[in-house]
Each structure stands twice: as C-alpha cells, then as structure tokens.
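The opening residue of the sequence shown carries number 1 in the numbering used here; numbering runs sequentially from there.
All C-beta atoms in this analysis are idealised placements derived from N, C-alpha and C, irrespective of residue type, glycine included.
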Amino acid sequence: MDRKTNGFWSIAARKHLKEFVDYSDNGDIFDRLNVAGKTGLFLGTIRGNKQLDNIKKIEKMASQVGIKPIELHKIILPQLEESSDKKIEIHRDSLGNATGIEEYVFDTQSTLEITGKVFEDLNPTDKEIITVNTLEETKKVPYTQNEITEIMVQKGFKENDINISLDIADQFKLIRKVAKKNDPIISNEYIWGSNNQRIALAVGELGKIQKDSLGITIGEIQNCQGIPYENLTIADKKLFDLAKKIGMINPIKIVTNRNVNKEFEFTQSTNWLPASEDIFDDVRLLLASIRFGENYTQHSTIYSAQKFLSAWIRNGEVGPHDANSTDYIMLEKKGIAKVVYKSKQKWGYNGYYNATGYYLELVKEDVAREALKFINGIIEENDLSIDDYNQIAKSSNYYSAEEQRVRMGDVPESSKEADEYIQRILRDENY
Numbered sequence: 001m002d003r004k005t006n007g008f009w010s011i012a013a014r015k016h017l018k019e020f021v022d023y024s025d026n027g028d029i030f031d032r033l034n035v036a037g038k039t040g041l042f043l044g045t046i047r048g049n050k051q052l053d054n055i056k057k058i059e060k061m062a063s064q065v066g067i068k069p070i071e072l073h074k075i076i077l078p079q080l081e082e083s084s085d086k087k088i089e090i091h092r093d094s095l096g097n098a099t100g101i102e103e104y105v106f107d108t109q110s111t112l113e114i115t116g117k118v119f120e121d122l123n124p125t126d127k128e129i130i131t132v133n134t135l136e137e138t139k140k141v142p143y144t145q146n147e148i149t150e151i152m153v154q155k156g157f158k159e160n161d162i163n164i165s166l167d168i169a170d171q172f173k174l175i176r177k178v179a180k181k182n183d184p185i186i187s188n189e190y191i192w193g194s195n196n197q198r199i200a201l202a203v204g205e206l207g208k209i210q211k212d213s214l215g216i217t218i219g220e221i222q223n224c225q226g227i228p229y230e231n232l233t234i235a236d237k238k239l240f241d242l243a244k245k246i247g248m249i250n251p252i253k254i255v256t257n258r259n260v261n262k263e264f265e266f267t268q269s270t271n272w273l274p275a276s277e278d279i280f281d282d283v284r285l286l287l288a289s290i291r292f293g294e295n296y297t298q299h300s301t302i303y304s305a306q307k308f309l310s311a312w313i314r315n316g317e318v319g320p321h322d323a324n325s326t327d328y329i330m331l332e333k334k335g336i337a338k339v340v341y342k343s344k345q346k347w348g349y350n351g352y353y354n355a356t357g358y359y360l361e362l363v364k365e366d367v368a369r370e371a372l373k374f375i376n377g378i379i380e381e382n383d384l385s386i387d388d389y390n391q392i393a394k395s396s397n398y399y400s401a402e403e404q405r406v407r408m409g410d411v412p413e414s415s416k417e418a419d420e421y422i423q424r425i426l427r428d429e430n431y
C-alpha cells in the first residue's frame, strides 16, 4: 500500500490501542505501528505553527496525544527528523537538547505521507503490515477469513503469520471476528462500530461478486459523504436496501419550505467528511466548536457558520471577542487556532479606532476550508434552501467505533487551575 494509507491506519490504530494498558499480552506485536501512530498524531497537532520555540509548549502539545516528555525527546522527535525529508527540523542547544521545532507540513496529505514513512523506517513486522492491509481491505465490506487469507497470500504473506495477525488484531479489537460456522467474518469495527456484528452476519451471506458490487456503492459514498441518491451507482437495488436496513448506509432526507425533497447518503468511513483523509477529527472538532458558539456562548454568539468561517479564512483571525478567551481552548490544544490578546486598528462608523481584546488566529487554514466546504455543500446542493442549521447538524452526526471506545478510558479530573496552566503555556504567557 502507499504511504498515505499506511499513515492513516497507523494513526487510526494508535487512537484505539492507547485504550489498552502498556503491559497487555501481545501488545508488543504492534510496537512499531503504535509509535508511528503517536508520531502522526503529534505531527497533526503541531502542523501549521511553522516555528515553535517554547519546548514546554511542545511537550504540552505532545501530552495531548499521549506522548510523555522522555518519549518525545528520545523517540518521536529524532524519528520525525529522520523520516520527514527535512520538513521537520529540530532546534537544539549546545548540549544537543531540543529547544524548538521548525515545520514545513502544509496539509493532512503531507502528515499522512510522513507518518507512513515513519512506519516504513521503523521496519514493521509482517504481522503489523498484515494488520494494516486487513483494515484497508475491510473498510468497505466485511470478508470471510478465508477470503482475507487468500488476499494476503496473494500479497506474499505466510498463512501462519496471517492467522496470528488476525487473532491478535481481534484481541485488541482493531478488527472483529464474527463467528459463522468454520469461516469467521472479518469486519472493520473502526468503520462499522455498534452495527459491526449485524453488518458482518448479513454481508457474510453474500457471494464475493455481490460483496464487490456493494463495495463499489459504499466506496462512492465514503468518497463523497452526502452524495445525492440519484447520483449513485446502484447495480442491485435489493443490496442497496439491505445496506440501509443493517446500517451500512444512513440516508438523510431534507425537505425544504419550497417542498423540495431530496435524499442524501452517508456511511461510516475513514473520512466521514469530503475532506482529504480527516485523520485527526479536526474538521469535526471545528464544526462542533462553531456549533457551541451558535448555541451556548453567552457573548459574541456566532449567527452564521458560513459567514464566520469565510471571515476567518479571509482575514486570518476573528475578534476581538471575550468568548475567544474562554470557549475555544480545544482548538488551541489541537493546534487549529491560537488565541492572542492584542490591539489592532480598525475602521468604524466614526473612523479608525483601536480594538483591543482576544483574537482567534487561524493556524490550519485547510481545516477551516474543508469545514466551510462541507457546510456550503449541504446548503447549496441542488439549490436547496435550509433555514434551520439543526438540519445540518442532523446530517453530520457520526460516531465511529473508535470514538465510542475512547470514552471508556479514564482521564484525571480537570480543574480550573490545571486548565489555566495549560492555557498559559499554549499562549506563550508567563507561568
């Protein structure tokens, strides 16, 4: 597979494997996959900052994705520097200690490419490569173990390694084996979540030709979430209806006050939005933050997501607003935005004036553009007129298996003092 695909599944696997204790039996099998995933998550967090000279801030950003300082300095940073083809440069003092980072990673595609290169450079075992290949093969439809084994043998892997890989991947719930006579069904729980068993058993009854046909339709939806029903390639209407019944396809019907009635198709996928491999859920987080600004912010309420995003992209910042200092800390933690307190000359009804307060600076412009593209696509598709933004919210619901699993992990109870400490570091304030 290509590096971007390897990079994506490394990150996806890490987001799940972190829920298991370090001393889990067979956890060492995924050692390189785990390190590559951590590296990719960290890279996704720092991307767009260009230069970071505060090593404490870098350590805090790393801790948000589960990387401790010693691991950051001894493993992650050296590996990033080696595998990034000079897109990541580590600044060091005279003793060789890291003091800062300079990065030239401009989009998620580059993030995936570098993560995939890290995975390659770590010399993954055949079992790890088989696991990644299995996740990719099953992202559209489940296959039986015999079918997966045949695919992997054709790729040059040994049957014994394939069987061990599938057993351990199932042990860590990266994939799920659904029992069916003597040939279990291999299903991608990362994609299908709580519907996993029902989908696996239903699709397991189909022949390979039918599975491949259904896979084409699912692939079209995964590549273009919200595609109009009439634009889909549907070779077998009965298969399509089955997929809707068992939860593989989730139709959203929009009815406007002009009596326009359209059905749009969604499905679980590795890129649930029409973004390029939305690996870190950045777009989802941004949309959720905007939704918070629309419904819950006491001051400086966002009245139009479109206008807000357009202005943010156009100007590179929005403000000053008091809400910027309190309501968007998650955007700061993920490196999507940066909050800055400053004065700026602006033009008003009475001429120029100094506007002082908290500004929300945009760091990852591509994330904002993809969020705007998604909102515009829902509203403008087929000249629909949607007055209620809740209709957009309904059509963007997505809860992957990974999202539900991470809720099982316990985190230390938050405190105002701890949050303020993190906030000061993220904003380069004295602490």
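Reduced DSSP category for residue i - H, G, I as helix; E, B as strand; rest coil
i	result
Pro-69	helix
Val-35	helix
Ala-371	helix
Phe-264	strand
Ile-279	Any reading at Ile-279 is ruled out, since the residue's pLDDT is 37, under 50, leaving its predicted position unreliable.
Asn-97	coil
Val-132	helix
His-91	strand
Ala-337	strand
Leu-309	helix
Lys-111	Checking the sequence shown, residue 111 turns out to be Thr, not Lys. Helix.
Ile-206	One detail in the question is off: residue 206 reads as Leu in this sequence, not Ile. Reduced to three states, the DSSP call for Leu-206 is coil.
Pro-78	helix
Glu-19	coil
Arg-3	helix
Ser-385	Model confidence at Ser-385 stands at a pLDDT of 31, short of 50, so the residue's coordinates are unreliable and nothing is read from them.
Val-318	strand
Gln-145	helix
Gln-51	strand
Glu-429	coil
Leu-247	The question names Leu, yet the displayed sequence has Gly at residue 247. DSSP places Gly-247 in coil when its eight states are reduced to three.
Ile-378	Only weak support is given to the placement of Ile-378: the predicted model assigns it a pLDDT of 44, under 50, and the question is left unresolved by the model.
Gly-156	coil
Ser-10	helix
Asn-257	Any answer about Asn-257 is weak, because its pLDDT of 38 lies below 50 and its placement is not dependable; what the coordinates show is given next. Asn-257 falls in the coil class under three-state DSSP.
Exposure of residue i, with buried meaning 16 or more beta-carbon neighbours within 10 Å
i	result
Asp-388	In this prediction, Asp-388 has a pLDDT of 31, which is less than 50 and means its spatial position is unreliable; nothing more can be read from the coordinates.
Val-153	exposed
Thr-267	buried
Tyr-104	exposed
Asn-324	buried
Glu-429	exposed
Thr-356	exposed
Ile-101	buried
Glu-265	buried
Thr-144	buried
Ile-67	buried
Tyr-352	exposed
Leu-242	buried
Lys-127	buried
Glu-205	exposed
Arg-32	buried
Leu-233	Before going further, note that residue 233 is Thr rather than Leu in the sequence given. So Thr-233 ends up on the exposed side.
Sequence-distant residues of the same chain with beta carbon closer than 6 Å to residue i, five excluded per side
i	result
Ala-200	Pro-142, Val-178, Ile-185 and Ser-187
Ala-62	Phe-42 and Leu-72
DSSP beta-bridge partners of residue i
i	result
Lys-177	Ile-186
Ser-343	Thr-356
Pro-228	Phe-264
Leu-362	Ala-337
Glu-102	Gln-51 and Glu-89
Gly-348	Gly-351
8 Å CB neighbourhood of residue i in its chain, flanking five on each side removed
i	result
Ile-148	Thr-134, Glu-137, Thr-138, Ile-162, Leu-166 and Ile-186
Gln-79	Val-35, Thr-39, Val-118, Asp-121 and Leu-122
Ile-290	Ile-302, Ala-305, Phe-308, Leu-309 and Ala-371
Ile-236	The residue asked about is misnamed: residue 236 is Asp in this sequence, not Ile. The residues are Gln-210, Ser-213 and Leu-214.
Ala-13	Phe-30, Leu-33, Asn-34, Gly-37, Thr-131, Val-132, Leu-135 and Leu-174
Trp-312	Val-318, Leu-360, Leu-362 and Ala-368
Contact set for residue i: own chain, Cβ-Cβ below 7 Å, skip 5 residues either direction
i	result
Gln-197	Val-178
Met-330	Leu-285 and Ser-289
Residue i: CB within 8 Å of a non-hydrogen atom of the ligand COA
i	result
Val-363	Inclusion of the ligand COA in the displayed structure is not the case, the ligand content being empty and no account of it being possible.
Can you find at least 3 beta carbon pairs, one from the stretch 330-340 and one from the stretch 47-62, that sit closer than 8 Å? yes
Taking contact to mean at least 3 C-beta pairs separated by less than 8 Å, is the stretch 210-221 in contact with the stretch 149-168? no
Counting Cβ pairs closer than 8 Å, one from the stretch 128-141 and one from the stretch 104-118, do we hit at least three? no
Count Cβ pairs between the stretch 74-83 and the stretch 117-127 that sit closer than 8 Å; are there 3 or more? These segments touch.
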